[in-house]
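Colleague:
In our numbering, the protein residues as written are 3 to 297.
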């Protein structure tokens with residue numbers, strides 16, 4: 003980071019902290035007002051490091067304007083739900099294991115019936131059924147390699163055997179795609195569940211003396227909404243705008259951490275993450291749902 007960026011970030015932090023202390027002293031929204039002020043200040047100066055630590059959504063001067071003098075009109079109740087990372091990680095592992103077993107069985111089937119499957123693939127690519135002669139040659143090559151013989155070693159019997167191999171192979175190819183989809187779906191579900199956790203607890207995981215893998219712990223995802231009013235200037239036009247902020251944080255339970263009572267010892271406790279802005283309604287110009295009564 004350049005000296006100018008460091009200096010600008012330090013100035014920004016000083017402005018944000020002084021603004022937050024003033025807000026807390028005046029009772030004007032507390033933590034929520036500090037979050038809003040910090041966010042709008044970072045957005046105004048395009049402080050991407052600060053923005054990345056506090057928000058998953060942008061507010062750019064070019065697209066959204068510059069917000070100033072924010073105030074918090076109403077703060078909703080916290081909503082909590084249990085994190086599902088442990089369960090989703092287990093589901094992903096089980097799905098991957100099942101896919102691995104399927105792929106091994108499919109490979110064994112392919113190796114066992116290599117000649118007939120190759121013929122099925124080539125004829126399918128050409129869009130034509132193979133001739134009796136092609137099937138006979140493939141069956142003979144298969145017999146020569148494996149020592150096995152088609153049960154009815156005539157044209158009708160060999161074709162019936164070939165059709166069975168081809169149909170089974172087509173089914174396995176389709177099943178392979180389905181297993182890949184299931185693994186991707188399970189991975190996406192886990193990624194979506196831990197997305198907020200990774201950002202909310204980034205500092206703790208980074209600074210922890212023990213290696214922490216967040217998906218190994220249970221906890222809660224906490225969600226809260228608050229209504230913000232601010233003056234927004236865009237294209238030299240200033241207007242008062244009302245926005246609904248959604249913030250979330252993760253709390254993890256039974257996390258190993260240094261003991262506060264015995265030096266050098268570890269204990270377990272709950273770790274509270276920092277609030278992350280996950281949504282801003284910038285277009286409705288209305289309070290959060292259920293906040294109208296505060297007007």
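All residues carry an ideal CB built from backbone N, CA and C; glycine is no exception.
1. Bridge partners of residue 243, per DSSP?
2. Are residue 1 and residue 47 close, meaning C-beta to C-beta below 8 Å?
3. Going by other Cβ atoms of all chains shown within 10 Å of its Cβ, with 16 needed for buried, is residue 270 buried or exposed?
4. Under the three-state reduction of DSSP, which class applies to residue 32: helix, strand or coil?
5. On the premise that residue 83 lies in contact with residue 223, defined as a C-beta separation below 8 Å, what is that separation, rounded to the nearest angstrom?
6. With residue 69 as the anchor, note down where its beta strand (DSSP E) starts and where it stops.
7. From residue 216 to residue 194, what does the alpha carbon distance come to, in whole angstroms?
8. Suppose you measure from the CA of residue 27 to the CA of residue 239; what does that come to, to the nearest Å?
9. Given this structure, state the Cα-to-Cα distance separating residue 126 from residue 177, to the nearest angstrom.
10. From the DSSP output, which residues share a beta bridge with residue 284?
11. Select from 228, 167, 230 the residue whose C-alpha is nearest the C-alpha of residue 2.
12. On the premise that residue 119 lies in contact with residue 181, defined as a C-beta separation below 8 Å, what is that separation, rounded to the nearest angstrom?
13. Taking the continuous alpha helix (DSSP H) assigned at residue 183, which residues delimit it?
14. Under the DSSP definition of a beta bridge, which residues are partnered with residue 271?
15. Consult DSSP for residue 214 and reduce its assignment to one of helix, strand or coil.
16. For the alpha helix (DSSP H) that contains residue 105, what are its first and last residues?
17. I need the boundaries of the beta strand (DSSP E) containing residue 82, first residue and last residue.
18. Should residue 1 go down as buried or exposed, given a rule of 16 or more other Cβ atoms within 10 Å for buried?
19. For the putative contact between residue 100 and residue 247, defined by C-beta atoms under 8 Å, what is the C-beta separation to the nearest angstrom?
20. Quickly, what does DSSP pair residue 298 with across the bridge? List them, please.
21. Grab the span of the alpha helix (DSSP H) containing residue 142 for me, first residue to last.
22. Just confirm the distance between the C-beta atoms of residue 254 and residue 221, as a whole number of angstroms; I'd bet it's less than 8 Å.
23. Inspect the beta-carbon positions of residue 235 and residue 73 and report whether they are closer than 8 Å.
24. Between which residues of its own chain and residue 280 is the CB-CB distance below 6 Å, once the five residues before and five after are set aside?
Modeller: Concretely, from the data shown:
1. Your numbering for residue 243 matches position 241 in the chain shown. The partner list for residue 243 (beta bridge, DSSP) reads 232.
2. There is simply no residue 1 to check, as the chain begins at 3 and stops at 297 in what is shown.
3. In the chain shown, residue 270 corresponds to position 268, counting from 1. Classification for residue 270: exposed.
4. Position 30 of the chain shown, counted from the start, is the residue given in the question as residue 32. Coil at residue 32, not helix or strand.
5. Translated into positions along the chain shown, residue 223 becomes position 221. Translated into positions along the chain shown, residue 83 becomes position 81. Confirmed, Cβ separation roughly 6 Å.
6. Along the chain shown, one-based indexing puts residue 69 at 67. Looking at the DSSP string, the run of the beta strand (DSSP E) that includes residue 69 is 68-77.
7. By 1-based counting over the chain shown, the position of residue 216 is 214. By 1-based counting over the chain shown, the position of residue 194 is 192. Distance between the alpha carbons of residue 216 and residue 194: 13 Å.
8. For the purposes of this step, residue 27 is taken as the residue at position 25 of the chain shown. For the purposes of this step, residue 239 is taken as the residue at position 237 of the chain shown. Its pLDDT being 33, under 50, residue 27 is placed unreliably in this model, and the value from its coordinates should be taken loosely. Roughly 32 Å between the two C-alpha positions.
9. For the purposes of this step, residue 126 is taken as residue 124 along the chain shown, with counting starting at 1. For the purposes of this step, residue 177 is taken as residue 175 along the chain shown, with counting starting at 1. Taking the straight line joining both Cα atoms gives about 18 Å.
10. For the purposes of this step, residue 284 is taken as residue 282 along the chain shown, with counting starting at 1. None; residue 284 has no bridge partner.
11. The structure shown has nothing for residue 2, since the chain only spans 3 to 297.
12. The residue you call residue 181 lines up with position 179 of the chain shown. The residue you call residue 119 lines up with position 117 of the chain shown. Not really, about 19 Å apart at Cβ, beyond 8 Å.
13. Working through the chain shown from its first residue, we reach residue 183 at position 181. Residue 183 -> alpha helix (DSSP H) spans 157-202.
14. Residue numbering aside, residue 271 sits at position 269 when the chain shown is read from its first letter. Paired residue(s): 257.
15. Translated into positions along the chain shown, residue 214 becomes position 212. In the structure shown, residue 214 sits in coil (DSSP, three-state: anything other than H, G, I, E or B).
16. Position 103 of the chain shown, counted from the first residue, corresponds to residue 105. First-last of the alpha helix (DSSP H) with residue 105: 87-114.
17. As a working mapping, residue 82 is identified with position 80 in the chain shown. Residue 82 -> beta strand (DSSP E) spans 81-84.
18. Any answer about residue 1 is impossible in this case: the structure gives the chain only from 3 up to 297.
19. On the chain shown, residue 100 is found 98 positions in, with the first residue counted as 1. On the chain shown, residue 247 is found 245 positions in, with the first residue counted as 1. About 42 Å; that fails the 8 Å criterion.
20. The requested residue 298 does not occur in the structure, where the chain is confined to residues 3 to 297.
21. Taking the chain shown and counting its residues from 1, the one referred to as residue 142 is at position 140. 134-148 is the extent of the alpha helix (DSSP H) around residue 142.
22. Numbered from its first residue, the chain shown carries residue 254 at position 252. Numbered from its first residue, the chain shown carries residue 221 at position 219. Going by Cβ atoms, the distance from residue 254 to residue 221 rounds to 4 Å, so yes, they are a contact pair.
23. Locating residue 235 in the chain shown gives position 233, counting from the first residue. Locating residue 73 in the chain shown gives position 71, counting from the first residue. For residue 235 and residue 73, no; Cβs fall outside 8 Å.
24. If you number the chain shown from 1, residue 280 lands on position 278. So the list reads 58, 248, 250, once near-sequence residues are dropped.
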